[in-house]
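Below is one structure; the comments refer to it alone.
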Amino acid sequence: MFSLLFTIVSYRIGVTVHGPYATHTGLQFGFEKGSKYEMKLSNPSSDMVFGLMTKKEVSEYSWFYITGVDQKICHGESSLAKIQTFAGAGNVTVLSGTIPEKGVYTPFYYGCVPTYQFYIEVDFKNGDSNLDYRYKPLLFTNPLFIALFGILLILWLINWFTHFTLEVKIHFLLTACFALAVLLRGLYYGFLNDTKKNGFVSNSVYYSYYAFDIVNTLFILATLLFAASGWCIITKHLQINQMVIPGIFGALFVLGNALNLFLDVGLWNALIGIVTIACLAVYVYYLVKYINDVAFNISAHLYVIKNSGIEPKSTPIYTKYKMFKFYRISLMTFCTMYIICIIIETFFGSILWLPTFAYDFTYFTFYVMLFFIFMMRQRRKNGYLIFEEGEAEEFSQQDLESINQVDLDGGREWDESTPLPPQPMVIGSYVAPYGPNSHSHSNNFDNNRDENDDKTKRNEETGDDEIQISKGTYGNPIKPQDA
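If you want it as structure tokens, here you go:
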């Protein structure tokens, strides 16, 4: 999720170069003009040259990756960079000084044999800080987002506790997502300050952070998928079989991100990136599909409520409809913003603070949307009331072709003492498995379709706006129950 700051390494590094020329991008650092640097190279297995290259110098000598040993260069008789020195085999050599101009500098090595080994220690400073200047804006933006996510979490908890009579399991997951967002950014800020004071962070801290980030991402993907399936919104029962395929592709997306983060395998990284994006696309496809399916079920419920003489807009079912409509919009917004973040990270990654800021802004925007979608409301406007008991009506999908044209205004206003018909069952190309006490009347639909068509024609002739559906019964309508 984050473009993590440092090339996180140990203080003393053992290096093996298959070259003879190599740049150490892992130790790349952004210096302010006049900053101090020190590089200590010890026990090289052969004579060599090492130093710091500017971006321009790195690009000029990139062709050395495929050339043989040049004795003049490896003995320091010909220079590759303004900041360099010669190191004799088996000796300890220190290169230190002041940076002549602001820029990003990369350590480089050039040996007198194709393969050589040594140990390197570095101490890079910007004034009294060990932090790369390209990360300095994060010292302001990161605490800002910690505060914003923290405020969002507090408001969420206040809303939840003031409506604690409702037990909605998906709220536990959403609460965990909000809390993890604060915790993860707090840990990131700790890394920033640790690096600023002490230099590079150890590998153990680095990998621990990303392990935590991976778990957080998996948690977010699972929560979004459960919400998209309508769990705790139109049904108490989680359809596990629906979670398998998108769950696998979501996990592959996280795995692909981790591989690209920890492995440097040249062109294979680009291939892994393409596969990773494809996995994300499949996950989002299923997410949108489930949202549309649930919205379709809710539309069918509104259809039945309208036919029972109740104004659908006055019921909690209409709140469900608005929730999923907004959820679909927010998901598309998030995906668009996430793609923009990937583009920023790919083409503007050298501005190291920018990708992290873009991801933080994207997640905060999306979490604000989730807050307003899934926040608790007064019972009358609560979208978590589930009507899935009793005998539900069934009708074919063909009978729902005119749902989008149904006028939801009119009818008597609903109140809590008025029973609502349960969630209907739709048969045909789409089957909604909601309502455990629903009865199948699929054979009745073919027998009654002609009758319904005749009734519809009579309504058109008389100007009657009543919408006819295939024959069925509402059974025993029930009062709403809390999820």
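Just add 13 to wherever you are in the sequence shown, counting from 1, and you've got my numbering. By construction, the Cβ of each residue, glycine as well, lies at the ideal position given by its N, Cα and C atoms. Predicted, not measured: the structure shown is a model, and the values here were computed from it.
> What residue from LEU293, ARG425, ILE353 has the CA that sits closest to SER327's CA?
Replying inline: Working through the sequence shown from its first residue, we reach residue 327 at position 314. Measuring from the Cα of SER327, the nearest candidate turns out to be ARG425.
>> Quick check: what's the CA-CA separation for THR38 versus VAL135?
In response: As a working mapping, residue 38 is identified with position 25 in the sequence shown. As a working mapping, residue 135 is identified with position 122 in the sequence shown. Approximately 13 angstroms, taken between the alpha carbons.
> Closest to PHE153 by CA distance: which of TRP366, PRO127, ILE253 is it?
Replying inline: For this step, residue 153 is matched to residue 140 along the sequence shown. Looking at the Cα atoms, TRP366 is the closest of the given residues.
> Contact check, TYR296 vs GLY263 under 8 angstroms by CB: the rounded distance?
Replying inline: Numbered from its first residue, the sequence shown carries residue 296 at position 283. Numbered from its first residue, the sequence shown carries residue 263 at position 250. Under the criterion of beta carbons closer than 8 angstroms, TYR296 and GLY263 qualify as touching, at roughly 5 angstroms.
> Shortest alpha-carbon distance to GLY32 belongs to which of TYR122, ILE357, ILE112?
Replying inline: By one-based count along the sequence shown, residue 32 stands at place 19. Considering only alpha carbons, the answer is TYR122.
>> Am I right that MET66 and ALA35 are in contact with their C-beta atoms under 8 angstroms? What's the rounded C-beta distance?
In response: In the sequence shown, residue 66 corresponds to position 53, counting from 1. In the sequence shown, residue 35 corresponds to position 22, counting from 1. That pair is no contact at about 11 angstroms.
>> Can you tell me whether GLY32 is helix, strand or coil according to DSSP?
In response: The residue labelled residue 32 in the question sits at position 19 within the sequence shown. Residue state, collapsed to three classes: coil.
> Under the three-state reduction of DSSP, which class applies to ASN143: helix, strand or coil?
Replying inline: Position 130 of the sequence shown, counted from the first residue, corresponds to residue 143. DSSP places ASN143 in coil when its eight states are reduced to three.
>> Within 10 Å of its beta-carbon, does GLU70 have 16 or more other beta-carbons around it, so buried, or fewer, so exposed?
In response: If you number the sequence shown from 1, residue 70 lands on position 57. It counts as buried.
>> Report the CB separation of SER312 from TYR334 in whole angstroms; it is logged as a contact under 8 angstroms.
In response: Taking the first residue of the sequence shown as 1, we reach residue 312 at position 299. Taking the first residue of the sequence shown as 1, we reach residue 334 at position 321. Confirmed, about 7 angstroms.
> What number of angstroms, rounded off, separates the C-alpha of GLU45 from the C-alpha of PHE370?
Replying inline: In the sequence shown, counting from the first residue as 1, residue 45 sits at position 32. In the sequence shown, counting from the first residue as 1, residue 370 sits at position 357. C-alpha separation (whole angstroms): 22 angstroms.
> Exposed or buried, THR128, counting other C-beta atoms within 10 Å across all chains shown (16 or more means buried)?
Replying inline: As a first step, residue 128 must be located in the sequence shown, where it is residue number 115. Exposed is the call here.
> Taking Cβ to Cβ, would you say ILE183 is nearer than 7 angstroms to ALA240?
Replying inline: As a first step, residue 183 is located in the sequence shown; it is residue number 170 there, counting from the start. As a first step, residue 240 is located in the sequence shown; it is residue number 227 there, counting from the start. Yes, the pair counts as a contact, with Cβ atoms nearer than the cut-off.
> Of the choices VAL317, CYS354, ASP145, SER92, whose alpha-carbon is the least far from that of ASP207?
Replying inline: Here residue 207 corresponds to residue number 194 of the sequence shown, with the count starting at 1. It is ASP145.
> Out of ILE164, PHE99, LEU108, LYS209, which has the shortest C-alpha to C-alpha gap to ASP141?
Replying inline: As a working note, residue 141 is residue 128 in the sequence shown. With distances taken between Cα atoms, ASP141 lies closest to LYS209.
> If we call anything under 7 angstroms between Cβ atoms a contact, is SER59 one with GLY124?
Replying inline: For the purposes of this step, residue 59 is taken as the residue at position 46 of the sequence shown. For the purposes of this step, residue 124 is taken as the residue at position 111 of the sequence shown. Yes, Cβ-Cβ distance for SER59 and GLY124 is below 7 angstroms.
> Rounded C-beta distance between LEU300 and LEU265? I'm assuming under 8 angstroms.
Replying inline: Counted from its first residue, the sequence shown places residue 300 at position 287. Counted from its first residue, the sequence shown places residue 265 at position 252. Rounded, the Cβ-Cβ distance is 15 angstroms, inconsistent with contact.
> Alpha carbon to alpha carbon, what distance is there between THR332 and LYS338?
Replying inline: The residue labelled residue 338 in the question sits at position 325 within the sequence shown. The residue labelled residue 332 in the question sits at position 319 within the sequence shown. Between LYS338 and THR332, the C-alpha separation is close to 10 angstroms.
>> According to DSSP, is TYR331 part of a helix, a strand, or is it coil?
In response: Working through the sequence shown from its first residue, we reach residue 331 at position 318. The answer is helix: DSSP assigns TYR331 an H, G or I state.
>> Just to check my reading of the structure: VAL267 and LEU231 have Cβ atoms closer than 8 angstroms, yes? What is that Cβ distance to the nearest angstrom?
In response: As a position in the sequence shown, residue 267 is number 254, starting the count at 1. As a position in the sequence shown, residue 231 is number 218, starting the count at 1. Contact holds; Cβ gap of about 6 angstroms.
>> Can you determine whether any heavy atom of the ligand FMN sits closer than 6 angstroms to the C-beta of ALA294, and answer yes or no?
In response: Absence of the ligand FMN from the depicted structure is noted, as is the absence of any ligand whatsoever, leaving it without description.
> What is the rounded straight-line gap between the Cα of GLU90 and the Cα of ALA283?
Replying inline: In the sequence shown, counting from the first residue as 1, residue 90 sits at position 77. In the sequence shown, counting from the first residue as 1, residue 283 sits at position 270. When rounded, the distance between both Cα atoms is 39 angstroms.
> Run through DSSP, which three-state label would VAL117 get?
Replying inline: Reading the sequence shown from its first residue, position 104 is the one you call residue 117. In the three-state reduction of the DSSP assignment, VAL117 falls in the strand class, which pools E and B.
> Residues in its own chain within less than 6 angstroms of TYR74 by CB, not counting five upstream and five downstream?
Replying inline: Position 61 of the sequence shown, counted from the start, is the residue given in the question as residue 74. Same-chain partners within the cutoff: LEU93.
> In three-state terms, what does DSSP make of MET66?
Replying inline: The sequence position of residue 66 within the sequence shown is 53, counting from 1. Strand.
> Can you tell me whether ASP428 is buried or exposed, with buried defined as 16 or more other CB within 10 angstroms of its CB?
Replying inline: Within the sequence shown, the letter at position 415 stands for residue 428. Under this definition ASP428 is an exposed residue.
>> I'd like the list of long-range same chain contacts for TRP169, defined as Cβ closer than 8 angstroms, with 5 residues on each side in sequence excluded.
In response: To locate residue 169, count along the sequence shown from 1; it is residue 156. Around TRP169: LEU187, THR188, PHE191, PHE384, MET388.
> Can you name the start and end residues of the beta strand (DSSP E) that PHE130 belongs to?
Replying inline: Along the sequence shown, one-based indexing puts residue 130 at 117. Note on identity: in this sequence residue 130 is Gln, with Phe being the wrong assignment. Unbroken beta strand (DSSP E) run through GLN130: 128 to 138.
>> Going by DSSP in three states, LEU251 sits in which element: helix, strand or coil?
In response: As a first step, residue 251 is located in the sequence shown; it is residue number 238 there, counting from the start. Coil, per DSSP.
> What did DSSP end up calling SER72 once you bin it into helix, strand or coil?
Replying inline: Indexing the sequence shown from 1 puts residue 72 at position 59. DSSP places SER72 in helix when its eight states are reduced to three.
> Exposed or buried, what is VAL257 when buried is set at 16 or more other beta-carbons lying within 10 Å of its beta-carbon?
Replying inline: As a working mapping, residue 257 is identified with position 244 in the sequence shown. By the neighbour-count rule (16 or more Cβ atoms within 10 Å), VAL257 is not buried but exposed.
> By DSSP, does ILE26 sit in helix, in strand, or in coil?
Replying inline: Position 13 of the sequence shown, counting from 1, holds the residue named residue 26. Three-state DSSP puts ILE26 in a strand.
>> Distance check for TRP281 and GLN317, CA to CA, integer angstroms please.
In response: Residue 317 sits at position 304 when you count from the first residue of the sequence shown. Residue 281 sits at position 268 when you count from the first residue of the sequence shown. What sits at residue 317 in the sequence shown is Val, not Gln. Distance between the alpha carbons of VAL317 and TRP281: 54 angstroms.
>> Just verifying my parser: in three-state terms, what is the DSSP assignment at SER55?
In response: For the purposes of this step, residue 55 is taken as the residue at position 42 of the sequence shown. Here SER55 sits in strand by DSSP.
> Hey, out of THR248, LYS149, ALA235, LEU237, whose CA is closest to ASP204's CA?
Replying inline: Here residue 204 corresponds to residue number 191 of the sequence shown, with the count starting at 1. It should be pointed out that residue 204 corresponds to Phe in this sequence rather than to Asp. It is LYS149.
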